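Sequence positions in the sequence shown follow my numbering and run 45 to 405.
We put the beta carbon where it would ideally sit given N, CA and C, even for glycine.
Since the model is a prediction, treat every value here as computed from it, not as a measurement.
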Amino acid sequence: MTTTTAAVLRSHDTPFTLEKVELGPLRPDELLVRIVGAGMCHTDLAIRDPFYSQTLVPAILGHEGAGIVEAVGPSVTSAVPGDHVLISFEYCGHCDSCLHGRPSYCAEFWVRNGGRRVDGTTAAESTSGEPLTNRFFGQSSFAEHCIATDRNIVVVDKDVPLELFGPLGCGFQTGAGTVLNEMKLRAGQTIAIFGAGAVGLSAVMAAVIAGASEIVVVDLNQDRLDIARDLGATRVVHGATDDLASAVTAGSAGIDYSFDTTGIATVMLAAVQSLAIGGACVLVGATQELNVSPMALAGRTVTYVLEGSSVPRSFIPRLIDYWRQGRFPIEKLTRTYPLSEINQAEADSHSGVTIKPILVP
Ligand SMILES: [Zn+2]
Ligand SMILES: [Zn+2]
């Protein structure tokens, strides 16, 4: 067992509290990682919805961890103590989706990422012996230490700024992966991105990498539209308009790809209505229903992505290469907070002050 400190969510409507917790013991395929940085993603905050939190609390959240391996179980083959690792989502490795290189659509995705092991156990308890949910995305990294698995870690070179890279494990991978893995955007094609948060802006960077001829970005926050332009958006649209689809298409026959990161029904509809015939709309993080006329879909497709349809161990090193080349400048979107200021980070994420908070234990 390892005694460590974690940010614990005890109820859907209370702040996170820093508590001493006991982790472990490690199972054969698990690793103990000392966290150096953990991104905060909207999925962490969505857990405040009582629908999710009632079965999870008390819980340690966090699913964009980066750290240094301290100990490994006997069957771990992908890392040794001292390795620098990013931690991504968990998957089974043997279902049809996993075997076809689509681990984010693993048949056991929600079982394995929902906060407990497949057998229903957790690997953390409070000092009074109370079980704490801590297998959230196979990590629960809002802590000084977390337990990862042999499957969901990505070993990275020791010369990269580990603390910065945790969000590659979810948010940035989701945005960039949607463009590069799911859409497979080609040079000269056009894209519209709805919502300029961490996911939308990483999609902008990926669209530039792919050579998009037009990158339209929609948001309600002018500061974020300015950042989108700085990252390579060719046109920005303030979302407070009566006819969003027309504002996006601007008289053209429509765009090749649209990407909604807002999950808002009217915005998702505009993303579909912006498409040219043959175009494809990709949705992520939706909590509302998409209400669209079937005729509006004639010759068009709509899909929903998880984790940018990425294989983390192959895609994240590629993103790090783009970062080294200056083409994936995620540091423009991040701000670090001590783990003890997690509630401030959450407030700043909600208010839009910070695009991607990174918590540093
Ligand atoms: Zn699987
Ligand atoms: Zn996430």
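Under the three-state reduction of DSSP, which class applies to residue i: helix, strand or coil?
i    : result
K400 : strand
G352 : helix
S170 : strand
H128 : strand
R203 : Checking the displayed sequence, the identity of residue 203 turns out to be Asp instead of Arg. DSSP places D203 in coil when its eight states are reduced to three.
H282 : strand
S296 : coil
D263 : strand
T87  : helix
E74  : strand
A240 : coil
S257 : coil
V80  : strand
D304 : strand
H144 : coil
V113 : strand
T222 : helix
A180 : Residue identity check: residue 180 is Phe in the sequence provided, not Ala. It is a strand residue.
T331 : coil
G213 : helix
P361 : helix
E63  : strand
A291 : helix
R273 : helix
Determine the burial state of residue i: buried for a count of at least 16 other Cβ atoms within 10 Å of its Cβ, exposed for fewer.
i    : result
E174 : exposed
A220 : buried
R368 : exposed
A297 : exposed
V143 : Per the sequence shown, the amino acid found at residue 143 is Leu instead of Val. Answer is exposed; the Cβ neighbour count stays below 16.
P401 : buried
H394 : exposed
How many Å lie between residue i and residue j at the Cα?
i    : j    : result
Q217 : P69  : 30 Å
V113 : D73  : 13 Å
T293 : I299 : 7 Å
G283 : E169 : 45 Å
T166 : V248 : 38 Å
R161 : I360 : 24 Å
D392 : F95  : 24 Å
V80  : A342 : 49 Å
D140 : A151 : 8 Å
G137 : S354 : 14 Å
L176 : H56  : 15 Å
L206 : V129 : 8 Å
E258 : A251 : 9 Å
T193 : V124 : 12 Å
S97  : L53  : 9 Å
T398 : A389 : 8 Å
T378 : L269 : 16 Å
M227 : P59  : 38 Å
Y366 : I253 : 8 Å
S349 : T222 : A quick correction: the sequence has Val, not Ser, at residue 349. Cα to Cα, V349 sits roughly 7 Å from T222.
S384 : V116 : 27 Å
N178 : E66  : 11 Å
A242 : C85  : 9 Å
I131 : R362 : 16 Å
S119 : G210 : 25 Å
Can you check which of these residues, the options, is closest to residue i by C-alpha distance?
i    : options                : result
Y381 : A187, P72, G158        : A187
A324 : T331, M339, S302       : S302
G416 : P147, L130, T99, F359  : Residue 416 lies beyond the stretch modelled for the chain, which goes from 45 to 405, so this question has no answer here.
A340 : Q317, L334, L350       : Q317
C214 : T285, L53, Q388, G83   : G83
T331 : V311, A250, R371       : V311
A256 : A242, L275, A231       : A231
N335 : E351, A315, S354, P373 : A315
I386 : A51, I191, I197        : A51
H88  : V199, H128, F180       : Contrary to the premise, residue 88 reads as Asp rather than His in this sequence. Closest by alpha carbon: F180.
V281 : A236, S246, G307, P147 : A236
F238 : T222, V261, S246       : V261
I364 : D304, V204, K400, G295 : V204
R344 : L319, Y366, R362, S358 : L319
G145 : R273, E351, I308       : E351
K64  : R92, I104, F372        : I104
R71  : I91, G182, E375        : G182
I91  : Y149, A110, N157       : N157
Y135 : F153, T49, G126, I374  : F153
T234 : T61, A240, R279        : R279
May I ask you to check if the CB of residue i is nearer than 8 Å to at least one heavy atom of ligand 4?
i   : result
T99 : Questions concerning ligand 4 fall outside what the structure shown contains, since the ligands it does hold are ligand 1 and ligand 2.
Check whether the Cβ of residue i lies closer than 9 Å to any Cβ atom in chain B.
i    : result
P373 : The structure shown contains no chain B; it holds only a single protein chain.
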